[in-house]
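Enquirer: Next up is a structure, given as structure tokens.
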Amino acid sequence: MAIPTAPLASGYTIPYLGLGTWRLVGDDCARIVRQALDLGYTHIDTADMYGNHEQVGAGIRGVERSSFFLTTKVGPEHLRHDDTIAVCERSLRELGTDYLDMLLIHWPNADVPMAETFEAMADLTQRGLIRSAGVSNFVAARLDEAVRISPVAICTNQVEFHPLLFQQSLLSFCGGRRVKVTAYSPLARTEALGHPVILAVSEEIGRTPAQVCLNWLVQKAIIVIPKASSEHRLRENMDIFDWSLTPEQQARIDAIGEQRRLIRPDIAEF
Ligand SMILES: NC(=O)c1ccc[n+]([C@@H]2O[C@H](COP(=O)([O-])OP(=O)(O)OC[C@H]3O[C@@H](n4cnc5c(N)ncnc54)[C@H](OP(=O)(O)O)[C@@H]3O)[C@@H](O)[C@H]2O)c1
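Yeah, the sequence shown ends on 270 if you go by this note's numbering, and it's all consecutive.
Below you can see the structure in the form of structure tokens.
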């Protein structure tokens, strides 16, 4: 089944499923990226900070560029106007492509006025180097300011979101501003897979725990970018679109009620 897409405020669309590449390195990274694209994945997520642009670039080489969506992120230490431009230009060279579908601010940096970074993103958009702009790890107040001051549409907010960290109020806030939520660590880095509620639902519906987590997210119209390193898991994680959890199963996962933040709880804003 073709992977469904969602409209973005930029006028482009984003596929609901992407391959996360954090900690995919070396030849394995190139191999998995290519394998995912061959299997029908249409969206790859990387970041300058992951240090794997060249390997992702090797994975996408020779694949029709318009057939997949490519995101990278600029780190918080590079958010000055000229630095953002320089990182984007370097990322394109490393990836071996001439445009990004999405460029994100990876983490906010309170020491750099946001307007500077968004001006840079507007310049990059005008030059055709990026198609859509977005942010990551933005809480509602910061996102509100971003949307108000940015000359380019803020198309997505990529945040940690999984059954052990259900961020309903941020989801509603983003929805009200046409900012699509992208869930990173959608499997809670496997920690959600053994939760009793996930296991019970998995048993009832005859789907794997990973599929239950991913379906719970896409049913909420959230983009998911699970990382996987075997063909078997890549296939499993794609098979989430032609069935649904029941409303009662959704509600039971909503009610897990944990607030387990796995990624950088030391710097994440709440
Ligand atoms: N913007 C940000 O600040 C930020 C932060 C963190 C992550 N991200 C992005 O989000 C992506 C995903 O997050 P993540 O890598 O932290 O965690 P994740 O996708 O929740 O979990 C990845 C783990 O789940 C395993 N896995 C994958 N599919 C599975 C399946 N079907 N059954 C059982 N285990 C499975 C993987 O194992 P194997 O690899 O061994 O198959 C890996 O250990 C990252 O790769 C990155 O692109 C962004």
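The beta-carbon is built from N, C-alpha and C at its ideal position, and this holds for glycine as well.
Going straight from the alpha carbon of Glu204 to that of Trp216, what length do you get?
Expert: Against the sequence shown, residue 204 aligns to sequence position 204. Against the sequence shown, residue 216 aligns to sequence position 216. Approximately 14 Å between the Cα atoms of the pair.
Enquirer: Taking the CB atoms as reference points, tell me whether Leu39 and Leu234 lie closer together than 9 Å.
Expert: Against the sequence shown, residue 39 aligns to sequence position 39. Against the sequence shown, residue 234 aligns to sequence position 234. A contact, by the Cβ cut-off of 9 Å.
Enquirer: Return the first residue and the last residue of the alpha helix (DSSP H) that Pro247 is part of.
Expert: Counted from its first residue, the sequence shown places residue 247 at position 247. Counting along the chain, the alpha helix (DSSP H) containing Pro247 begins and ends at 247 to 254.
Enquirer: Which of the three DSSP states, helix, strand or coil, is assigned to Arg61?
Expert: Position 61 of the sequence shown, counted from the start, is the residue given in the question as residue 61. Here Arg61 sits in coil by DSSP.
Enquirer: In terms of DSSP beta bridges, what is Thr13 paired with?
Expert: What you label residue 13 is simply residue 13 of the sequence shown in a count that begins at 1. Partner(s): Pro7.
Enquirer: So the beta strand (DSSP E) Ile105 belongs to, where does it begin and stop?
Expert: The residue given as residue 105 occupies position 105 in the sequence shown. Ile105 -> beta strand (DSSP E) spans 100 to 105.
Enquirer: Can you check whether the CB of Thr182 is closer than 9 Å to the CB of Val224?
Expert: Along the sequence shown, read from residue 1 onward, the residue named residue 224 stands at position 224. Along the sequence shown, read from residue 1 onward, the residue named residue 182 stands at position 182. It is a contact, given that the beta carbons lie within the stated cut-off.
Enquirer: With DSSP collapsed to three states, give me the class of Ser136.
Expert: Position 136 of the sequence shown holds residue 136. The answer is strand: DSSP assigns Ser136 an E or B state.
Enquirer: Mark Phe270 as exposed unless 16 or more other C-beta atoms lie within 10 angstroms of its C-beta, in which case mark it buried.
Expert: Locating residue 270 in the sequence shown gives position 270, counting from the first residue. Per the 10 Å Cβ criterion, exposed.
Enquirer: Less than 8 Å between the CB of Pro151 and some heavy atom of ligand 1, yes or no?
Expert: For the purposes of this step, residue 151 is taken as the residue at position 151 of the sequence shown. No; taking the cut-off as 8 Å, the Cβ of Pro151 has no heavy atom of ligand 1 nearer than that.
Enquirer: At what residues does the alpha helix (DSSP H) containing Thr117 begin and finish?
Expert: Stepping through the sequence shown from its first residue, residue 117 is reached at position 117. Per DSSP, Thr117 belongs to the alpha helix (DSSP H) from 114 to 126.
Enquirer: Need the endpoints of the alpha helix (DSSP H) that Ile44 sits in, please.
Expert: Indexing the sequence shown from 1 puts residue 44 at position 44. From DSSP, Ile44 is part of no alpha helix (DSSP H) but of the beta strand (DSSP E) over 43 to 45.
Enquirer: Check whether the stretch 48 to 55 and the stretch 247 to 263 touch, using three or more Cβ-Cβ pairs below 8 Å as the test.
Expert: No, the stretch 48 to 55 is not in contact with the stretch 247 to 263.
Enquirer: Is there a Cβ of chain D sitting closer than 9 Å to that of Glu191, yes or no?
Expert: Looking for chain D here will not work: only one protein chain is present.
Enquirer: The beta strand (DSSP E) spanning Leu234 covers which residue range?
Expert: Within the sequence shown, residue 234 is the residue found at index 234, counting from 1. Where Leu234 is concerned, there is no enclosing beta strand (DSSP E), although the alpha helix (DSSP H) it sits in stretches over 231 to 238.
Enquirer: Residues bridged to Asn157 by DSSP?
Expert: Position 157 of the sequence shown holds residue 157. Its beta-bridge partners are Val135, Val181.
Enquirer: With distance defined between alpha-carbon atoms, name the residue in Gly257, Ser230, Lys180 nearest to Asp28.
Expert: Position 28 of the sequence shown, counted from the start, is the residue given in the question as residue 28. Checked all of Gly257, Ser230, Lys180; the closest Cα to Asp28 is Ser230.
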